[in-house]
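Report on the structure given below.
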Amino acid sequence: MKLDAKTIYAQSSDIKSRTYLEYRRDMKRKAIAEFDVIEWLNNKVKEIYPNTPIKIYKSGGDAFLWFLRKGGVTRESDFIAKIGEKDIHFEFQYAEKTNLPFYDFKVSKVALKKGGKRIPIEDKQFVYISKPLLKYAIFSPEWVFENGEYGMVPAWRSYAFRVPKEKFEKILKDDSTLKKICERIKIKNFVLNFQHQLIDMNKEKLSHLLQGVIDENRIVNIIPKDLDSFFKVCFILDNINKSPQNANLWLIYLLSYISEDSTLEELSKVIYCIDFLYSKIELQENELSQLVVNVKGLMEIIKRYEQEDGSFKSSLKLSPLDEIRYALFSINTLEDLTQDMIYYYSVKELKPIKKIYENVRHIEKTYELIKEDS
């Protein structure tokens, strides 16, 4: 799949030792927070610019993507605020811990080099949220430049502007409305980790197959004959970083396994395989149209299994916790596919994803069910 080289500065080293799904999970954590603070940020900017039309959106608009295939992140700011006729870019950061000795900011986000000197970036603001303190601050790169110390951040293994705790926490403001937002972000990250346990569980189940792969050439050529075999082969290929030689044909063949009465376990296998094969090919127009229809259909089937108490029920043979895990994994992967097709193929037939897990109607109730059993 073609990538825009201008927007990518991190490459395959980002995903070394991780499967693509694991990489996406890690990239998604910040996106969860970004989507859930947009409305709050819009209100805060209105307080700064009263009586002025305000509109805040993610960089990339409806086509915003929280990960890029084969690794990488964009250079764009996290948010763009349309304030009257003026655009201001916002970088978003948040702290998970208290008692940090420094608050760190990447050099490229704070200043540019001109004539051998670093000059603070204009038309940009930072919005920073301390989740444990329920406090926030909005400030300019110039403030960071003037109050920070240029130094090495061990965790990042790179240099940054480091603002001492004593200076930074003076500008933080209390905001009780952050409590609900931060709780929702916590819930979604918990749910994200829970659903991704499915990957480790499948690795354990299929470990003997992964260890026993001898003839890699053979498994990339033969189309599996049933869904279970399809899933096993795709899972093995994913974990040994191989792809089928005729992946387009595999994808179309795989779509025939989708059924209105498929269980959530079966749907999770189909969706895993779709996602894996999709990432390896360039879709032709007829293949794209088929996939769009099936992504819509799969989401509708899963939604029918969701109960008012936050549980999912598709089979009497599956445990309630497994049903939830299969459903969450499937919904989350379909949301990824939706946004990916909008970004790379300019698909108009799919509704853009505005928040991670927006297709889980009762996520707070689902979280409580998971937490009880964890």
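Position 311 (the sequence shown) corresponds to 311 in our numbering; numbering is contiguous. Every residue gets a Cβ at the ideal spot worked out from N, C-alpha and C, and that includes glycine. In this text, all values refer to a predicted model and were calculated from it rather than measured experimentally.
Check, Outcome
"Cβ shell of Tyr357 (< 6 Å), same chain only, five flanking positions each side left out", "Lys188, Ile363"
"Helix, strand or coil at Gly60 according to DSSP, with G and I counted as helix", "coil"
"Exposed unless 16 or more other CB atoms sit within 10 angstroms - verdict on Arg304", "exposed"
"Inter-residue Cα distance where the pair is Ile56 and Gln245", "44 Å"
"Three-state secondary structure (DSSP) of Ala160", "strand"
"For Leu112, the three-state DSSP class (helix, strand or coil)", "strand"
"Stretch pair the stretch 158-166 + the stretch 126-138: three plus CB contacts closer than 8 Å", "no"
"Anticipated Cβ contact below 8 Å, Leu277 with Trp250, distance rounded", "5 Å"
"Neighbour-count burial assignment, Ala160, 16 or more Cβ in a 10 Å radius", "buried"
"Distance, Val45 Cα to Ile88 Cα", "10 Å"
"Pick from Asp175, Leu288, Pro320, Arg361 that is closest to Thr338, judged by C-alpha positions", "Leu288"
"For Glu204 and Ile214, the rounded distance between their alpha carbons", "Bear in mind that the predicted position of Ile214 carries a pLDDT of just 46, short of 50, making it too unreliable to give a figure here."
"C-beta atoms of Ile185 and Ile32 nearer than 7 Å", "yes"
"Local Cβ density within 10 Å of Pro154, reported as buried at 16 or more and exposed below that", "exposed"
"DSSP bridge partner residues for Asp174 (one or two, in chain order)", "Lys135"
"Nearest to Tyr49 (by Cα), restricted to the options Lys86, Asp62, Gln290, Glu306", "Lys86"
"Nearest-angstrom Cβ-Cβ length linking Phe386 and Phe79, presumed shorter than 8 Å", "Limits of the chain in this structure are 1 at one end and 374 at the other, which puts residue 386 out of reach."
"Straight-line Cα distance separating Cys182 from Lys365", "17 Å"
"Phe230 vs Leu206 beta-carbon contact at 7 Å", "no"
"Coarse secondary structure for Ser243, derived from DSSP in three states", "coil"
"Where Thr177 falls, given that 16 or more other Cβ within 10 Å makes a residue buried", "exposed"
"Close Cβ partners of Ala5 (< 7 Å) along its chain, the five nearest in sequence each way excluded", "Here Ala5 scores only 38 on pLDDT, less than 50, and its place in the model should not be relied on; the value that follows carries that caveat. Excluding positions up to five away in sequence, the list is empty."
"Residues near Gly151 by beta carbon distance below 6 Å, same chain, minus five either side", "Arg162"
"Nearest-angstrom Cα separation, counted from Gly297 out to Val347", "16 Å"
"Spatial distance of Glu335 from Gly116 (CA atoms)", "44 Å"
"Within 7 Å, strictly: CB atoms of Glu306 and Arg361", "yes"
"Through-space distance from Phe194 to Met27, alpha-carbon basis", "16 Å"
"Reference Phe126, options Lys106, Leu255, Glu149, closest by Cα", "Lys106"
"Ala137 and Ile171 closer than 7 Å at C-beta", "yes"
"Leu264 burial status per 10 Å Cβ neighbour count (16 or more: buried)", "buried"
"Residue from Glu39, Asp174, Tyr20, Phe139 with nearest C-alpha to Lys355", "Glu39"
"Contacting residues, own chain, Cβ-Cβ under 6 Å from Glu142 (five flanking each side not counted)", "Pro120"
"Distance between beta carbons of Val292 and Glu349, contact taken as under 8 Å", "5 Å"
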